[in-house]
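Worksheet: one structure, shown below.
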Amino acid sequence: MKGNIRVFCRFRPLGKREQENGDIPVLHKADAFSVDLQRPAPHNDSRRFEFDAVFSSDSSQEEVFGDCQDLVQSAVDGYNVTIFAYGQTGAGKTHTMYGTSENPGLAPRAIESLFRVIRREEGQGRKSFSVKAYMIELYKQDIIDLLVEARPKDQKSLQDAGRGIMFVEGVSERPITSPEQLKAVLAEGERRRHTAATAMNSSSSRSHLLLSIIVEAAVKDTEQVIYGKITLCDLAGSERPKKSEVSGEALKEAIEINKSLTALGDVIEALSKGSKTIPYRNHKLTMLMQDSLGGSAKTLMFVNCSPASSNSEESMMSLKWATRAKQVTNDVKRNADSKEVARLKQVIALMSQAQNAQDLRA
Ligand SMILES: Nc1ncnc2c1ncn2[C@@H]1O[C@H](COP(=O)(O)OP(=O)(O)OP(=O)(O)O)[C@@H](O)[C@H]1O
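Start counting the sequence shown at 1158; every next residue gets the next number (the numbering used here).
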């Protein structure tokens, strides 16, 4: 089933510092699908951008999740689902994806919703489910497992599982039986994530964060096994180091972040132009996101923007970037195996784990 990836735009309210600096809002929601960017002098122009949904500064977390909820059902039905947030540093990506305990974002809401769907389907007696989760960050060039105590040498490598699906070798997958347990896992991973204060955001994410929730359903009548996965990806923010006033280690981080986002932009450009070769291998971020962009996953991208006049150039760039992303098509596929194939896959996975352990000991 071929279809374009969905792109939602969300812009936050003006921040305190922006208000103090005399910033005015330059983003205005025109209708449910359109946003106008009114650039101040010297441009003094207005440009309209259209998306699959537009959420303005007064949109609630609940409203935003309402438009994403169908994707939770898709994961239970055996699809790989990716929701990712892109945008300038401080634009509201982490707020959208994770939020706070008082005002939870997509991840905690998706977790609640997932278990409601699973309980309902289990109640019908035809399927039994198992859920696992892993959480990684891509910090500079390193893939770090956030569910184990960090050790400097603990970088994970990527393996190709075929069909453009990459997996993180040896990542710790936690079995999950309740929403509370999954939220605790999320909190554990968030605690270990790299963040730092910059002039643009008091708690800026310095890494790309990926939470993957794997849902396996055994269908009793047909003995089929259905695999779905929800990946929630909070990208580190694009920034102009001059403006965010970073130096030293933070400058190095910013350069690496910009490099990875450029690689992501190159993949999106190649896909939107229908190029024969897509430069997925230029960066680990694009390798990790291969199935989500031009692959078989159902993908939703948020473009988060600051509404402030002083950020209008960054907002223009993000909105143009997101407009291009709308042209990316995926060939969405459902993952289902017969019981025997599922069993063989498990045997192969166990054998390769044993081999890895042996290689490590050797
Ligand atoms: N929709 C919103 N409503 C109210 N406050 C918001 C909203 N979006 C973001 N904020 C606030 O704006 C600030 C920056 O948001 P956030 O940390 O989510 O940005 P970010 O895009 O993840 O930044 P970075 O890329 O630097 O990590 C935070 O204080 C957050 O609480």
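We put the CB at the ideal spot given by N, CA and C, even for glycine.
In this model, His-1185 and Leu-1476 are separated by some 13 Å (Cα to Cα). C-alpha of Ala-1375 to C-alpha of Arg-1163: approximately 29 Å in a straight line.
Annotation for Ser-1287 indicates a beta carbon at 6 Å or more from all heavy atoms of ligand 1. Counting along the chain, the unbroken alpha helix (DSSP H) around Gly-1346 starts and ends at 1336-1349.
The region 1183-1199 makes no contact with the region 1225-1241; the number of CB pairs closer than 8 Å stays below 3. Here the distance from the Cβ of Gly-1346 to the nearest heavy atom of ligand 1 is not below 6 Å. Counting along the chain, Asp-1234 sits inside no beta strand (DSSP E), nor does DSSP assign it H or E at all.
Remark: the shortest separation between the CB of Ser-1362 and any heavy atom of ligand 1 falls under 6 Å. The alpha-carbon separation between Arg-1500 and Val-1372 amounts to approximately 16 Å. For Lys-1284, same chain residues with a beta-carbon under 6 Å away, outside a window of 5 residues either side, are Glu-1278, Ala-1374, Val-1376 in chain order. Between Gly-1244 and Cys-1390, the beta carbon gap of about 13 Å keeps them out of contact (Cβ cut-off 8 Å).
Annotation for Lys-1159: Thr-1486, Asp-1488 place their beta carbon closer than 6 Å to its own, counting only its chain and skipping 5 residues before and after. Shown here for Pro-1197: same chain residues with a beta carbon closer than 7 Å to its own, the five before and five after excluded, namely Val-1183, Ser-1466, Ser-1469 in chain order. Under the 10 Å beta carbon count, Ile-1505 is surrounded by fewer than 16 other beta carbons and is classified as exposed. Nearest Cα to Ser-1335 within the set Thr-1253, Ser-1287, Tyr-1437, Asp-1209: Ser-1287. By the Cβ test, the region 1422-1438 is not in contact with the region 1264-1278, since fewer than three Cβ pairs between them sit closer than 8 Å. The bridge partners DSSP lists for Arg-1491 are Tyr-1236.
A contact is defined here as three or more CB-CB pairs under 8 Å, and the region 1163-1182 meets this definition with respect to the region 1207-1226. For Arg-1174, the shortest separation between its Cβ and any heavy atom of ligand 1 does not lie below 6 Å. Beta-bridge annotation (DSSP): Ser-1203 is paired with Gln-1195.
Residue environment: Thr-1388 is assigned as buried (16 or more neighbouring CB atoms within 10 Å of its CB, all protein chains considered).
The region 1371-1448 contains, as complete beta strand (DSSP E) runs of 3+ residues, the segments 1382-1391 (chain order). Between Leu-1418 and Ser-1395, the gap from beta carbon to beta carbon is short of 7 Å. By the Cβ-count criterion, Ser-1270 is buried, with 16 or more other Cβ atoms from all chains shown falling within 10 Å of its own Cβ. The beta carbon of Ile-1333 is closer than 8 Å to those of Val-1288, Lys-1289, Ala-1290, Leu-1339, Val-1342, Ile-1370 in its chain, skipping five residues each way along the sequence. Within the DSSP secondary-structure output, Gln-1245 pairs in a beta bridge with Ser-1395.
Of Gln-1195, Lys-1430, Gln-1281, Phe-1190, the smallest CA-CA separation from Gln-1484 is found for Lys-1430. Looking at the DSSP output, Asn-1161 shares a beta bridge with Thr-1486.
Beta-bridge pairing by DSSP links Thr-1456 to Thr-1239.
In this structure, the CA atom of Glu-1406 is about 20 Å from the CA atom of Leu-1442. Distance from the C-beta of Thr-1419 to the nearest heavy atom of ligand 1 is not below 6 Å. For Lys-1377, the Cβ stays outside the 6 Å cut-off from all heavy atoms of ligand 1. Membership of Pro-1332 in the beta strand (DSSP E) is indicated by the continuous run 1331-1333.
Sixteen is the threshold: since fewer than 16 other Cβ atoms of the shown chains lie within 10 Å of the Cβ of Arg-1205, the residue is exposed. Around the beta-carbon of Gln-1447, 16 or more other beta-carbon atoms lie within 10 Å, marking it buried.
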